[in-house]
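Read the structure below first, then the notes.
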Ligand code: HEM
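Numbering (the working numbering), first residue to last: 37 to 452.
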C-alpha cells in the first residue's frame with residue numbers, strides 16, 4: 037500500500053523529476069536536498085532553466101490556462117524575436133522579479149493585478165509549437181518533429197475551427213487563478229507585435245494530495261481522475277514515455293522535448309447526472325466513491341479484466357484506454373488535464389468538461405493509439421470534443437533569455 041505523502045514532499049519530488057531548481061520565497065532550493073524553508077509557504081518559484089520545460093512532470097497545481105496563438109511574424113528573424121521576448125518575460129514572471137514603476141508617460145511595465153510584490157505560486161509557463169509553424173513561412177519544414185501534424189478529426193469530434201490548432205500553444209499553470217491571468221496579460225503585452233489569440237481555455241482542479249497510484253482529484257463526472265497515471269517521480273518511466281531521446285527517429289533539436297495533445301472535451305453533465313450509478317461505473321470501469329477498479333476494492337490495485345466483460349465491460353473507458361495486454365504498455369501517456377466550466381450554452385445546458393492535456397514521447401504510440409481504441413467507447417455518448425490540437429514542446433532552455441526552441445533556430449541557421 038502506498039503511504040499518503042504530503043503535498044510539499046510531492047511537489048518537491050515532482051520538481052526534482054523535472055530537474056528544475058526550485059525557490060521557495062527567496063531561498064534557492066535544489067531538488068532532492070533538504071532545505072530549511074518557511075513552513076507557512078507551501079508554494080515556490082519554479083526555475084524555468086533546465087533540460088526540459090516545467091509544467092509537464094511538475095505536479096499539477098489548481099489552475100491552468102491553455103492559450104493558442106497564431107503568429108504574425110513573416111520571417112525567421114521575427115520568429116526568433118518573438119521566441120526570445122517570450123523567454124525573457126517567462127523568466128521575469130517565474131523568478132518573481134519585481135517590475136519597476138516604469139515611466140508614467142508610458143504604459144506600466146506590469147498591470148498590478150496581483151499587487152506590487154510577486155509572491156511564489158508554483159507558476160509554470162510551458163511553450164509548444166503547432167504543426168503550422170513548420171509550414172512554408174519560416175523554412176522550417178525539414179526540421180519538424182517527425183510525427184507533428186494538425187490534429188485530425190476523430191469520429192466523435194465536433195471540432196470548432198475557432199478553437200482548434202494554432203502556431204503556438206502556451207500552458208500557464210498556477211495555484212491562484214489570478215496569477216495565471218496576470219501572466220497571460222504580461223506575456224501578451226511582451227509579444228503583441230508577433231502573436232494574436234486563436235483560442236483559450238481556462239481550467240481548474242482540486243490538488244492531488246495522494247501519492248502515485250491514487251488520487252484525490254476528481255473530474256466533473258465525479259470520478260477520481262489520475263489514479264492510473266504515469267508516476268512522474270520515477271525517472272526511468274519519465275524517460276521511457278515522455279522525453280524524446282537521441283535514439284528516436286527525430287531531429288536532434290527535439291531531444292528533451294515531448295509531444296503535447298490538448299483537447300477541449302465537453303461533458304454532457306445533465307445527462308450524466310440522470311444516469312444510474314451502476315451504469316456510470318460500468319462506463320468508466322472504476323467505482324465512483326473509492327476509484328477502485330471494478331475487480332477490486334482498492335484504488336491502487338491493478339485492474340483485472342475478465343474475458344467475458346461481466347465485471348468490467350469490454351467497452352469500459354479504462355479497459356479500452358489501457359487493456360493491459362502484451363504490448364499495450366507501449367501506449368502509456370502522461371495525462372495532466374483540468375476541469376473547465378464556461379457557463380452555459382444557448383440551449384440551456386451547462387458548458388462543462390475536461391481540458392484534456394497529455395504528454396508523450398511518440399504521438400503514434402501514445403495519444404493516437406489510445407484514442408483509436410477509445411473510438412466507439414460507451415463514454416462517447418456523454419462527451420463531445422470541441423477543440424484543441426497537437427503540439428510539440430521543445431526541450432528546456434539552458435540559459436536565461438535564450439529563445440524557446442533555440443536548438444531548432446540554431447539548426448536552421450546552419451541549413452543552406
Ligand atoms: C471527458 C473525457 C474523459 C473523461 C471524463 C475521462 C475520465 C477518466 C477516468 C475517470 C479515468 C479513471 C481514473 C484514472 O485512472 O485516471 C480515466 C482513465 C484514463 N483515461 Fe480518461 N477520460 C476522458 C478522456 C480521455 C482521453 C481523450 C484519453 C486519451 C485518448 C483518456 C485516457 C485515459 C487513460 C490512458 C486512462 C488510464 C487507464 C488505466 O491505465 O487504467 N481519457 N479517464
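Using N, Cα and C, we set each Cβ at its ideal position, and we do this for glycine too.
Query                                                                                                                                                                                                     : Result
For residue 118, which of helix, strand or coil comes out of DSSP?                                                                                                                                        : helix
What three-state label does DSSP hand residue 408 in the structure shown?                                                                                                                                 : helix
For residue 296, does the count of other Cβ atoms within 10 angstroms reach 16, so buried, or fall short, so exposed?                                                                                     : buried
Any contact between the segment 298 to 309 and the segment 244 to 258? By contact I mean 3 or more CB pairs, one from each, below 8 Å.                                                                    : yes
When DSSP labels each residue in this structure, what does residue 60 get in the three-state scheme?                                                                                                      : Because the pLDDT at residue 60 is just 40, under 50, the model does not fix this residue reliably, and the point stays unresolved.
Who are the Cβ neighbours of residue 190 in its own chain at under 8 Å, not counting the five residues just before and after it?                                                                          : 407, 411 and 421
With DSSP collapsed to three states, give me the class of residue 329.                                                                                                                                    : strand
Going by DSSP in three states, residue 302 sits in which element: helix, strand or coil?                                                                                                                  : strand
Whether or not the segment 416 to 434 and the segment 286 to 295 are in contact is what I'm after, with contact meaning three or more pairs of Cβ atoms, one per stretch, closer than 8 Å; do they touch? : yes
Would you kindly check if the distance between the Cβ of residue 354 and the Cβ of residue 459 is under 8 Å?                                                                                              : As displayed, the chain neither begins before 37 nor continues past 452, which places residue 459 out of reach and without an answer.
Quick one: is residue 149 buried, meaning 16 or more other Cβ sit within 10 Å of its Cβ, or exposed?                                                                                                      : exposed
Give a yes or no on contact between the segment 229 to 241 and the segment 94 to 106, applying the rule of three or more CB pairs nearer than 8 Å.                                                        : yes
I'd like the ranges of any alpha helix (DSSP H) spanning at least 4 consecutive residues and lying wholly in the segment 356 to 437.                                                                      : 403 to 410
Please go through the same chain and pick out, in chain order, the residues whose beta-carbon is closer than 8 Å to the beta-carbon of residue 192, but skip the five residues on each side of it.        : 411, 416, 419, 420 and 421
Contact between the segment 206 to 221 and the segment 435 to 446 is defined here as three or more beta-carbon pairs at a separation below 8 Å; is this criterion met?                                    : no
Excluding the five sequence neighbours on either side, which residues of its own chain have a C-beta within less than 7 Å of the C-beta of residue 379, listed in chain order?                            : 387
How is the alpha helix (DSSP H) around residue 215 delimited, first residue to last?                                                                                                                      : 213 to 226
Taking the beta strand (DSSP E) that residue 99 belongs to, which residues open and close that run?                                                                                                       : 99 to 107
Could I get the ranges of all uninterrupted alpha helix (DSSP H) runs contained in the segment 142 to 216, with 4 residues as the minimum, in chain order?                                                : none
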